[in-house]
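Input: a single structure, listed below in structure tokens.
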Amino acid sequence: MSRPRLRHAEPPWPRATDVVARQAAGWEPYPLHSFVLKVHSRCDLACDYCYMYRSHDQSWRTQPRAMAPAVVDRTAERIAEHLSAHGLREAGVVLHGGEPLLTGDAALARTARVLRAAAGDGVRLHLSLQTNGVRLTRERLDLCAESGIRVGVSTDGGRAAHDRHRRGADGRGSHARVEAALELLASAPYRPLFAGLLCTIDLRNDPVHAYEALLGHRPPVVDFLLPLGNWHTPPPGIVPGGQRTPYADWLWAVFKRWYEAPVRETGVRLLDDVMTLLLGGDAHTESLGLAPVRYAVVESDGSLAQDDALRTAYDGAARTGLDVWRDSFDTLLRHPGIAARQWGADGLCGACRACPLHRVCGGGHYATRYRRATGFANPSVYCADLASLIRRVRARLAQDVAELTTVTEGAAGGTGGTDCPVPSDVDGSGAVDGPGAMDGSSATDGPSITDRPGVRPPGASAGPSPGSIPRMRAEGRTYGRAHGRTEGRTDDQAFAQTLAPAPPAADSSS
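Counting in my numbering, the sequence shown runs from 335 upward without gaps.
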């Protein structure tokens, strides 16, 4: 049954008038291809950093505990309608919460059946769930296998790191139970279901120890999340507008341990995305890059919402006033908060557009940009950290490409590679200068790695790590072919070329 529309708040930017203006200029939204279903609105843990329950928005209190069968049915119809209208043959659905396993085994299996039946045989539907792992048993993994549901688990690493935050309402830690669940999930019968690990960064934890604790579960990918916050409610350790970069320092330590490993041990989505974006590709998450955001959230009562991380901004920030009973997903696409995240650079503030790093950082996660006076038209409160991390990764990539170019050209009888593009604002030691201005003035960042060639930084090490050359060669084959630059070149040369500036138009036929 349809419920009264929930009130929603409109920030200073973006507004409905901004969408009207964009449409008048010819903008058309990209269709959605991912859907997050809040199948249960409560949780059996009381994590002290949870954006769902400990944010300004407390609307979870008025949501039904579980998504009713009628809401599941209507949501499945709306998803199928949207995919059919746009000719999409592949989509993803994440069963989320709260804690999705609280919905019960029968309801979980029914939800998967209804979604697949509505989508039809012509659509490849990827189902997954994100769980805290406490209720993940062998029987539930069997159910997930039967229903074709992959499983992601949230954990913060070793016992001390995990139990500092991820405790029950009685104060007891959950680490032992989650460890047992992960041991099952990583075992041979269930390994194909393992979607990855989600870890919220705590600056008090040693970054390498935290990464290696996660690595012990042999995850296919690790997601490190920056704690949510904004200019009025800053994340732990952040002084808004300051020059310290504690999260960049933390992630840089992880990067070096991950990147310098002799073999690729796992993916680290945030770091993979930084590298991919520096090389001209697209990110796989919404927190980096300029690719249009193409997912929606359905609350347990059928309300259509924006990214629920927006709860950290202000009460009502994620609400849209729309629901599956009366509104299609096409209607949601024209909501200001959804539309603005599909506008690429035009959806960023002036300070971000002036910074050459905006193609990589994408302005940072939308929720972290919020200010009361200007809405979401601001740099991220993590601007300094993102700029610092991107520059360090860029410098390391450029250094290794210079070495690859030297090795390749030397083997081919060339003269060596001293023309590799290296940013002039990085000294090779990992030190970087500050971020762009925080007050809306012009950014002061140097050129991006694709802007112009430079020279190898002074003081750089003699060569890349044992693991980085083979990895970059392997990735060079992927990136080089993707950019159409491999003809007549070795794979190493093709990879190096992806970091070089594109040739002028007049030379394109030579």
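Note that beta-carbon positions come from the ideal geometry of N, C-alpha and C, so glycine has one too.
Please read these numbers as outputs of a predicted model, since none were measured by experiment.
Report the rounded CA-to-CA distance for residue i versus residue j, giving the unit in angstroms.
i, j, result
"Ala419", "Asp635", "24 Å"
"Glu620", "Leu667", "16 Å"
"Leu622", "Glu362", "22 Å"
"Pro346", "Ala711", "9 Å"
"Pro561", "Thr646", "10 Å"
"Arg474", "His460", "18 Å"
"Leu612", "Cys533", "24 Å"
"Gly770", "Pro713", "Note that Gly770 has pLDDT 32, beneath the 50 cutoff, so the model's placement of it is unreliable and the number below is only indicative. Computed Cα separation, rounded: 9 Å."
"Val727", "Ala441", "45 Å"
"Asp657", "Leu604", "32 Å"
"Tyr593", "Glu513", "26 Å"
"Arg493", "His509", "6 Å"
"Asp680", "Gln357", "13 Å"
"Leu449", "Leu723", "40 Å"
"Glu633", "Gly421", "25 Å"
"Leu516", "Val556", "13 Å"
"Cys686", "Ala617", "18 Å"
"His543", "Ser488", "17 Å"
"Ser414", "Arg506", "The displayed chain sequence assigns Ala, not Ser, to residue 414. Those two C-alpha atoms are separated by around 42 Å."
"Met386", "Ser393", "9 Å"
"His390", "Pro574", "19 Å"
"Ala451", "Ala410", "9 Å"
"His566", "Arg705", "7 Å"
"Gln644", "Lys590", "A small fix is needed here, since residue 644 is Leu in this sequence, not Gln. Leu644 and Lys590: Cα-Cα distance of roughly 32 Å."
"Val468", "Arg511", "6 Å"
"Phe528", "Arg500", "21 Å"
"Asp734", "Thr740", "10 Å"
Residue i by DSSP, collapsed to three states: which one?
i, result
"Glu620", "coil"
"Glu362", "coil"
"Glu473", "helix"
"Ile535", "coil"
"Phe710", "coil"
"Tyr545", "helix"
"Val602", "strand"
"Arg376", "coil"
"Leu638", "strand"
"Gly486", "strand"
"Val468", "coil"
"Ala846", "Past the edges of the chain, shown from 335 to 844, lies residue 846, and the structure says nothing about it."
"Leu371", "strand"
"Ala400", "strand"
"Gly681", "helix"
"Pro348", "coil"
"Ala674", "helix"
"Ala522", "coil"
"Arg705", "strand"
"Ala688", "coil"
"Ala529", "strand"
"Ser795", "With a pLDDT of 36 at Ser795, under the threshold of 50, the predicted position of this residue should be treated as unreliable, and no value is reported."
By the DSSP assignment, the alpha helix (DSSP H) with residue i in it spans what residues?
i, result
"Ile413", "Pro403 to Ala419"
"Phe589", "Pro580 to Tyr593"
"Leu644", "Here Leu644 belongs to no alpha helix (DSSP H), and DSSP marks it neither H nor E."
"Val512", "His509 to Leu519"
"Thr665", "Phe663 to Leu667"
"Asp439", "Asp439 to Ala453"
"His496", "Arg493 to His499"
Assuming the contact rule is C-beta atoms closer than 8 Å, residue i and residue j should be a hit. Round their C-beta distance to whole Å, please.
i, j, result
"Gly432", "Cys381", "About 12 Å separates the two Cβ atoms, so there is no contact after all."
"Val485", "Val428", "Not quite, the Cβ-Cβ distance comes to about 11 Å (not below 8 Å), so this is no contact."
"Leu848", "His692", "Shown here, the chain extends from 335 to 844; a query on residue 848 therefore has no answer."
"Leu366", "Ala630", "5 Å"
"Asp490", "Asp540", "About 12 Å; that fails the 8 Å criterion."
"Leu470", "Leu435", "7 Å"
"Tyr373", "His430", "One point to set straight first is that residue 373 is Val, not Tyr, in the sequence displayed. About 7 Å; that satisfies the 8 Å criterion."
"Thr708", "Gly563", "Not a contact, Cβ separation roughly 17 Å."
Between which two residues does the beta strand (DSSP E) containing residue i stretch?
i, result
"Arg653", "Arg653 to Asp657"
"Leu559", "Val555 to Leu559"
"Glu424", "Glu424 to His430"
"Thr465", "Arg458 to Thr465"
"Arg693", "Counting along the chain, Arg693 falls outside any beta strand (DSSP E), though it belongs to the alpha helix (DSSP H) covering His692 to Cys695."
"Ala630", "Tyr629 to Val632"
Counting only beta-carbon separations shorter than 9 Å, does residue i have a partner in chain C?
i, result
"Cys384", "Among the protein chains of the structure shown there is no chain C, as only one such chain exists."
When the Cβ atoms of the region 436 to 450 are set against those of the region 672 to 687, are three or more pairs found closer than 8 Å?
no
Does the contact criterion of 3 or more C-beta pairs under 8 Å hold for the region 549 to 556 versus the region 596 to 615?
yes
The region 716 to 736 contacting the region 568 to 586, beta-carbon criterion three pairs below 8 Å:
yes
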